[in-house]
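Worksheet for the structure shown next.
Numbering (our numbering), first residue to last: 583 to 1516.
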């Protein structure tokens, strides 16, 4: 390669390295503009180049070939661009054209930094362009502005009517030349004095302000307030000096700092108002002008506006320059982001994050945790997850931050558990309590096996004595349906607080352990009185205990709880007062409950709902509807209470009217409303009604509600569309025990015993814990399909595996399964081993099983006991009579029928069936008579 070409290649490499150093690629710069690429000059003429006179045509050809081989290599090299420091602003001329005008914005404008040249060639061998001319027209205009300052001062102090006009003219001429020299410089492409132009600008403005302050006009405005001109003058001059210092300081920084203090529109508006104000104040010194006071007032007003813009532009420029020049401190930024998160200022927090990204700061675990908290509180979990994923090696501190964010703000509470399951981090007490809270929020939908695993981890790692972990573990075990483990955790706690007691008491109330709930309350009160530390039951405790009292109809105990709440001052809480009203209403003390409700100074929808529910449960529908009409604010909970009461009392027609009124009142039904209405109202139990309710649920994001999903499965199954019910089940994300039980009951009702057993096994594998309703559905399916072995296995697993004691419904299913299979003796043995007295369900199952296999002896044995328990049940007489008839025992069958008539019973026939039979009888009589006539 020729020397000249090598020299240019070396120069280009150095320029590329310098550009990479001066303009590093930011990690994230959403507003970064693309760099301007200078146009390449024309290639040199044959015989030489003005860049290097010794370059030959052959060398140029070699350079051209090098350009083709390397696209970024250009021949000839472009003119050396000036290195932009902080003060090298993007302008080509004087102050008025490229900057703000007569202000400080021209300080230290574009500076040409080149290596010292010897005979036109720099020391590093690079050619140099010819030096710029010293005196150009823009420079002459700038020198003229400097020379006009003494002239302005002299005319200002002269007396005579022409003095004010001359001073104003000189100032206007300086303002015009400030814009004109910039315009001409851009036209000619000639850079000029980067120092003289801003000095001339500031000198003219400062001199004018000092003159106006030292010799104010003798008018009432300035006489009453001699400081009116001094304040804006100090602000403007101080701003100019400060801005000059900022720009000179920025010159020692990098290009980003320079761009931060570049000229903007705010500075131009400041200059325009400043020039206008000074011109008006100078011109108003002419005493011959009319309305001199008004002119001075307008000039002073504009001067204050200019001062305000000057200060604001200084802040707008200095703060970004400081943020750009000073490297961010992750610790300080972390605390600032935390403040933004706590105060809800997401935009400010995102700006701080953008600054960190632009500075290529890799987020530390501390900083990332603050950013995760910021985004999660603003419901931007996706951004929080991106921050977490950007951490090279997340520590336990960062893991806890993302887990807390997911557990508190994620619509899927189990997301935190699934995320942590993929990690290899050793948990601490914060991690475990967070995961347990997520499990508690998930409820039975999440596998209780996960709760059991975390339970084991808690005690293996020695966190069993931690108060927060134990409290969270109690709630998680209870919500997973494992009340025995929850009680065991509570009993093993070395220290308990009010949260511990409330967690277990509330769990017992939700799980139906009402008697245990009352016992725990008594123990809590006793422990409080023994310890004397003042920590005792609070409003949450009282609310849970009163709910248990209402379910048990324990009126005396509930009155004692009411007395305790009044003595402790807890009845001042509205939630406690509502629970007291609800307790008395559910226990039938309606008059006293209504007195308590009327005595409340402030009522909410829950207050009315509690009283309305009491009226409805006790059959006082009209009183409940009247109170509903009197309520001022009808929330969705109140509407649901009234609808549930109407459904409970068999007022389906009123339910439909109330639904129409509800929608007309612009209160839309929610998932609870649909789950209440669908199983009971016939119009919703049909296929069309189920589809309409399903579509409404999907449109309003209710299709994942557990209660509504269960109602939809039941409605589709009853309408005969079992496949649709299966699809609803498959689309359900969180399958709780209720959802599993619904689909098992649906397939069992359709005689699909094999599928019911398969779903039961899938339910156990998924970790959902079956309840008594689930076992009843499975055993019923086995009984009607003759699967005795499977039924016996499921029945025995209730107590042995799941710790559930069989109730009368499960025994009835087992008796039915055994008797239908012809194992009547075993069925009777099972009845005799029952821990309680058999009822009509047990003997009815035995009678129906005996009828299936045709065993008259066992059938009569069951019938005799049914005759004692329910003598007016016509179905028992009919089954027994048919059993005798099938065995050709006609006399016994006639005896049973006579018993049916003897007790005054007959099988009721619906009116519509009677009318159909009458019409068919009349039609057949007409046909017979017509045959005889023929």
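Glycine residues also receive a C-beta, built at the ideal position from the N, C-alpha and C atoms. Quick caveat, the model's predicted, so the values are computed rather than measured.
Check                                                                                                                                                                                : Outcome
Excluding five sequence neighbours on each side, which residues of the same chain lie with their C-beta closer than 6 Å to the C-beta of residue 855?                                : 884, 887 and 888
Take residue 1389 and list the residues in its own chain whose beta-carbon comes closer than 7 Å to its own, dropping the five residues that flank it on each side.                  : 1354
Please classify residue 1117: does DSSP put it in a helix, a strand, or coil?                                                                                                        : coil
Taking only three categories from DSSP, how would you classify residue 1157?                                                                                                         : helix
For residue 1072, tell me which candidate among 1037, 914 and 1043 has the shortest Cα-Cα distance.                                                                                  : 1037
Within 7 Å (strictly less), CB to CB, does residue 757 reach chain D?                                                                                                                : Note that chain D does not occur in the displayed structure, where there is just one protein chain.
Taking buried to mean at least 16 other C-beta atoms within 10 Å of its own C-beta, is residue 1492 buried or exposed?                                                               : Because the pLDDT of residue 1492 is 48, which lies under 50, any placement of that residue in the model is unreliable, and the number read from its coordinates should be weighed accordingly. Residue 1492 is exposed by the Cβ-count criterion.
Compare the C-alpha of residue 1199 against each of 1174, 851, 1132 and 934 and name the closest.                                                                                    : 1132
Relative to the alpha-carbon of residue 985, which residue among 1251, 1334, 971 and 1001 has its alpha-carbon at the smallest distance?                                             : 1001
If we ignore side chains and look at the alpha-carbon of each, how far apart do residue 1472 and residue 1482 end up?                                                                : 15 Å
Taking its Cβ as the centre, do 16 or more other Cβ atoms sit within 10 Å of residue 1222, making it buried, or is it exposed?                                                       : buried
May I ask you to report which of helix, strand or coil DSSP gives residue 1315?                                                                                                      : coil
Considering only their Cβ atoms, is the gap separating residue 1187 from residue 1164 smaller than 7 Å?                                                                              : no
Rounding to the nearest angstrom, what Cα-Cα distance links residue 822 and residue 785 in this structure?                                                                           : 10 Å
What is the C-beta distance between residue 1314 and residue 1350, in whole angstroms, given that I count them as a contact (C-beta under 8 Å)?                                      : No, residue 1314 and residue 1350 are not in contact; Cβ-Cβ is about 12 Å, not under 8 Å.
Taking 7 Å as the cut-off, decide whether the C-beta atoms of residue 815 and residue 791 are in contact.                                                                            : yes
Please report the Cβ distance between residue 1152 and residue 1181, rounded to the nearest whole angstrom; I am assuming they are in contact, meaning their Cβ atoms lie under 8 Å. : Actually they do not touch by this definition, with Cβ atoms about 16 Å apart.
To the nearest angstrom, report how far apart residue 1082 and residue 1103 are at their CA atoms.                                                                                   : 12 Å
Give a yes or no on whether the C-beta atoms belonging to residue 915 and residue 928 are separated by under 7 Å.                                                                    : no
Note the first and the last residue of the continuous alpha helix (DSSP H) segment covering residue 968.                                                                             : 963-971
Could you tell me whether the Cβ atoms of residue 819 and residue 878 are closer together than 7 Å?                                                                                  : no
Start and end of the alpha helix (DSSP H) containing residue 1300?                                                                                                                   : 1288-1300
Name the two residues that bound the continuous alpha helix (DSSP H) containing residue 1140.                                                                                        : 1137-1150
If you draw a straight line from the C-alpha of residue 952 to the C-alpha of residue 945, how long is it?                                                                           : 10 Å
Less than 8 Å between the CB atoms is what I'm expecting for residue 1171 and residue 1193, so what's the real figure, rounded?                                                      : Rounded, the Cβ-Cβ distance is 11 Å, inconsistent with contact.
In angstroms with no decimal places, state the Cα-to-Cα distance between residue 1208 and residue 1202.                                                                              : 10 Å
Judging by CA-CA distance, which residue of 978, 1056, 1321 and 1270 is the nearest neighbour of residue 1293?                                                                       : 1321
Taking the alpha carbon of residue 893 as the reference point, which residue from 880, 911, 848 and 1012 has its own alpha carbon closest?                                           : 848
At which residues does the alpha helix (DSSP H) containing residue 975 begin and terminate?                                                                                          : Looking at the DSSP string, residue 975 is not in any alpha helix (DSSP H), and its letter there is neither H nor E.
In this structure, how does DSSP classify residue 1481 when only helix, strand and coil are distinguished?                                                                           : helix
Rounded to the nearest angstrom, how far is the Cβ of residue 868 from that of residue 747, given a contact under 8 Å?                                                               : 6 Å
Taking 7 Å as the cut-off, decide whether the C-beta atoms of residue 1402 and residue 1360 are in contact.                                                                          : no
At the level of alpha carbons, what is the spacing between residue 1240 and residue 1420?                                                                                            : 42 Å
Take residue 1479 and list the residues in its own chain whose beta-carbon comes closer than 7 Å to its own, dropping the five residues that flank it on each side.                  : 1463
Using beta-carbon positions only, say whether residue 1061 and residue 997 come within less than 7 Å of one another.                                                                 : no
For a quick check, are the C-beta atoms of residue 923 and residue 947 less than 7 Å apart?                                                                                          : no
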